[in-house]
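This note's numbering numbers the first residue of the sequence shown as 703 and each following residue consecutively.
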Amino acid sequence: MSFKTTGVSVTQKITSQHGEWSSRFAFILAATGSAVGLGNIWKFPYITGENGGGAFVIVYLLCVVAIGIPIMIAETMLGRRGRESPINTMASLATEAKAHKNWRYLGWMGVIAGFLILSYYSVIAGWALSYVGKSFVGSFSGEDASTISAIFSDLMNSPVEQIFWHSIFMLATMLIVARGVKSGLETAVRFLIPTLFVLLILLVGYAMSTDFYKQGLSFLFSPDFSEIDADAVLTAMGHAFFTLSLGMGAIMVYGSYLPKNISIAKTSIIIAGADTLVALLAGIAIFPLVFANGLEPSAGPGLIFQTLPIAFGHMSGGWLFGLLFFILLVLAALSSSISLIEPAVAFLVENKKIARTKACIVMGFSTWAVGVTVALSFNVWSDVSIFGKDIFNLLDYITANLMLPLGGLCIAIFAGWIMKPEHSAAELDLPDTNYFKIWKFLITYVAPTAVFIVFVHVIGII
Ligand code: TRP
């Protein structure tokens, strides 16, 4: 076993210096925990609402199947073969493939993307945390739409409140990451994921009991392709990467903690399936409530915060449902945020030889500081506009729509064109070679071409 941090002796590396998942189920839980988060429950409904519903959902599902799953398999495979932080993994795999060392910059881009995503992710998770508190004290009970909307605007207008909750969320994230792979990440997700499923099913059950269940379903599943333009397709594709945690090394670093004998293809399909299921369940739970209360599907990032409390405020048992819902959201966000920062922490531990706790303090503090500017972008700095976007929207656009698909494109090119097929075949260990051929075709041609075409179209319309 080799612990060399910039090593070239990749093939001998059997485990990672940071530890290993204790079982296949533990990996599935952790990766599903990373995938399922605000992306599914907060972002999927609001971008679906903004982009007209059904047609957007279909493009997103196509992207998950044709681009997301093959890239998830590739990213996990690269991680397990490299067994280091994404930067060092890419460097040593490039050496193994006799390719240029500059592939390590793919790892760097991922570390930066994760850092930037976490900075705004933590602010939104902070909103959810504050809503746990508000639900608990019964702020929403019996209130009408305008009062609920005023509660949300109050939060938006208060830098102090947002920064407070953002700080708590960052602190919780860093505490879990500091405890390391097994005791930290694994224990956390073991508890989080099952709870999440139970709570979501409860909420869907409530939505089914409303008169607007059919209308919600038809919004989500009857496509109207006239609603879709190149930018909507880019958003759908970017979201496929975002929701599956792809393109920035999170899944790569989780893959590096994966024991040797576990089938990567099978677990990737399970994880992508679970993630898609949660997003669709969230949509099914949310849109009937939106319509039942005459609310706007296109309300933007505030959608769930401005709409759901009205429903919770009026339904019987709404206090409990509302409280459960926001707890669920925070837990889901927490099991995702830990994976956004793990690549950077693993890198600092490997290359700067600093202790895990110290790496967490350094990364946690810098992410927190960028997050503060995001919290300010909703109030004091709402006029600050860069490329026509405020700080939050700019960070979201650059990371989810550009950096993740670009990272995914590079991962696909590396796995499909640079890495020796005998190495990927050995690592994937697919029982039937036809499965390997299908994956190889998707990763070599389909995924890169699709990402490329979407990029070209978007540049064309700008
Ligand atoms: N997938 C998570 C969500 O849907 C967010 C997330 C976690 C993520 N790790 C990531 C997004 C890595 C992109 C890359 O909320």
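For each residue, glycine too, the CB sits at the ideal point set by N, CA and C.
Bear in mind that the values here come from a model prediction, so they are computed numbers and not experimental data.
- Take Phe1089, set aside five residues on each side of it, and the residues of its chain with a beta-carbon closer than 7 Å to its own are Leu1096, in chain order.
- Between Arg783 and the set Asn963, Phe1028, Ser1037, Trp810, the nearest pair of CA atoms involves Asn963.
- Contiguous alpha helix (DSSP H) elements confined to the region 768-792 occur at 771-784, taking only those with 4 or more residues.
- Met1105 and Met950 have their C-alpha atoms some 8 Å from each other.
- Separation of the CB atoms of Leu740 and Ala1035 is rounded to 5 Å, and the pair is thereby assigned contact status at 8 Å.
- The shortest CA-to-CA distance from Ala976 to any of Thr945, Asn995, Trp1119, His1125 is the one to Thr945.
- In the DSSP assignment, Ile1088 is bridged to Lys1091.
- Annotated as distal: Tyr822 and Phe1028, with beta-carbon spacing of 8 Å or more.
- Taking 7 Å as the cut-off, one finds no heavy atom of the ligand TRP near enough to the beta carbon of Thr717.
- A contact between stretches requires three or more CB pairs, one per stretch, nearer than 8 Å, and the region 953-971 fails this requirement with the region 1058-1078.
- Boundaries of the alpha helix (DSSP H) harbouring Glu1044: 1020-1053, taken from the DSSP string.
- Secondary-structure assignment with DSSP links Gly840 through no beta bridge to anything.
- Within the region 900-925, the complete alpha helix (DSSP H) runs of at least 4 residues fall at 915-923.
- Ala1149 is positioned such that its CB atom lies closer than 8 Å to that of Ile769.
- Straight across, the Cα-Cα distance linking Ala890 with Ser928 is about 43 Å.
- Per the coordinates, the alpha-carbon of His1159 lies some 19 Å from the alpha-carbon of Ile760.
- In this structure, Glu777 is the residue among Thr717, Glu777, Gly756 with its C-alpha nearest to the C-alpha of Pro1107.
- According to the DSSP secondary-structure assignment, Ser718 is paired through a beta bridge with Gly721.
- In the DSSP assignment, Val738 falls outside any alpha helix (DSSP H) and carries neither an H nor an E.
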